[in-house]
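Asker: Take this structure first; my questions come after.
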Amino acid sequence: MYAKCGFVSRDAYAVFDSIIHKDVVSWNAMIAGLAENGLLEEAFSLFSLMVKGPIQPNYATIANILPVCASFDENVAYHCGRKIHSYVLQWPELSADVSVCNALMSFYLKVGRT
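Those letters in the sequence shown? Residues 1 to 114, per UniProt numbering, in order.
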């Protein structure tokens, strides 16, 4: 809710930080909220933290982060998306997911590399 209202910087981070046992849904909500508010670098940074932590991204995480990557300038976008694609290939449940495959196709079409 805070993210949709444009109060990401302070209020949404405060709520997110107050969650002791964050799950994939709380991470996804924060990443999506940052992206919706144009805070693309912050969204990608949060995704990077998520990947390094105990919570594994799911299909929704990947579907949220790939458009973020596609919004960066061309070279950064391609590198970012390839990094996500490499991550996806490590997890059979992600690489077999139709939403993830659709998000990957859309990403590659947006950055102009097929």
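Backbone N, C-alpha and C define an ideal beta-carbon position, used for all residues, glycine too.
#1: On a CA-only basis, which of Gly38, Glu41, Gly53 and Asp11 is nearest residue 115? Give me that one, please.
#2: Give the range of the alpha helix (DSSP H) segment to which Trp27 is assigned.
#3: By Cβ distance, which residues of its chain are closer than 7 Å to Leu89, with the 5 residues on each side in sequence left out?
#4: Is His21 helix, strand or coil by DSSP?
#5: Which term fits Val25, buried or exposed, when burial requires 16 or more other beta carbons within 10 angstroms of its beta carbon?
#6: Let's test the definition: count the other Cβ atoms within 10 Å of the Cβ of Met105 and tell me whether it reaches 16, buried, or not, exposed.
#7: May I ask you to report which of helix, strand or coil DSSP gives Gly53?
#8: Report the three-state DSSP secondary structure of Phe16 (helix, strand or coil).
#9: Can you tell me the Cα-Cα spacing of Leu109 and Arg82, whole angstroms?
#10: Using DSSP with H/G/I as helix, E/B as strand and the rest coil, what is Leu94?
#11: Can you tell which of Phe44, Trp91 and Ser18 has the C-alpha that lies nearest to the C-alpha of residue 115?
#12: Are Ile62 and Ile84 touching if we call contact CB-CB under 8 Å?
Answerer: Short version:
#1: Given a span of 1 to 114 for the chain in the structure shown, any question on residue 115 remains unanswerable.
#2: Start at 1 with the first residue of the sequence shown, and residue 27 comes out as number 27. Taken as a continuous stretch (DSSP letters only), the alpha helix (DSSP H) holding Trp27 covers Val24 to Glu36.
#3: If you number the sequence shown from 1, residue 89 lands on position 89. So the list reads Ser95, once near-sequence residues are dropped.
#4: Your numbering for residue 21 matches position 21 in the sequence shown. His21: coil per DSSP, three-state reduction.
#5: In the sequence shown, the residue the question calls residue 25 occupies position 25. Answer is exposed; the Cβ neighbour count stays below 16.
#6: What you label residue 105 is simply residue 105 of the sequence shown in a count that begins at 1. Per the 10 Å Cβ criterion, exposed.
#7: By 1-based counting over the sequence shown, the position of residue 53 is 53. Three-state result, Gly53: coil.
#8: Start at 1 with the first residue of the sequence shown, and residue 16 comes out as number 16. In the structure shown, Phe16 sits in a helix (DSSP, three-state: H, G or I).
#9: Taking the sequence shown and counting its residues from 1, one reaches residue 109 at position 109. Taking the sequence shown and counting its residues from 1, one reaches residue 82 at position 82. When rounded, the distance between both Cα atoms is 13 Å.
#10: One-based indexing of the sequence shown puts residue 94 at position 94. Leu94 falls in the helix class under three-state DSSP.
#11: Lying before the first or after the last residue shown, residue 115 is absent from the chain, which here runs from 1 to 114.
#12: As a working mapping, residue 62 is identified with position 62 in the sequence shown. As a working mapping, residue 84 is identified with position 84 in the sequence shown. Against a cut-off of 8 Å, the Cβ pair of Ile84 and Ile62 comes out as a contact.
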